[in-house]
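Encoded as structure tokens, the structure appears first; notes follow it.
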Amino acid sequence: MILIYNSIMIVCVCKNINSKKILEELGAGLTLEEIKMQFGMGSQCGNCLETAKKLVEKTKGEPIKNIAFG
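Numbering (numbering that gives the first Met the number 0), first residue to last: 0 to 69.
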């Protein structure tokens, strides 16, 4: 599920992680897998993972092949 508030997208409702936080962590050099593990994204319903993947791909300009749940 994606909720948008003031141009910041809630990516993970279960863990309350938004697009701004993901982009900050990417800027600090973390990978999506590291961000996922750090914040527990995908460990509950898993609906956020595809959105997070697309956000990272759009930001970095390169595809992510696989992302694991949990």
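Note that the Cβ used here is the ideal one computed from N, Cα and C, for glycine as well.
The model shown is predicted, which means the values in this text are computed figures rather than measured ones.
| Asked | Found |
| --- | --- |
| In chain order, what residues of the same chain have a beta carbon less than 8 Å from the beta carbon of LYS59, not counting five sequence neighbours either side? | LEU25 |
| Would you mind stating whether LYS20 and MET40 have Cβ atoms separated by less than 8 Å? | no |
| Could you give the distance in angstroms between the alpha-carbon of GLU56 and the alpha-carbon of PHE38? | 19 Å |
| For MET40, which three-state DSSP category applies? | coil |
| Could you give the first and the last residue of the continuous beta strand (DSSP E) run that contains VAL10? | 7-11 |
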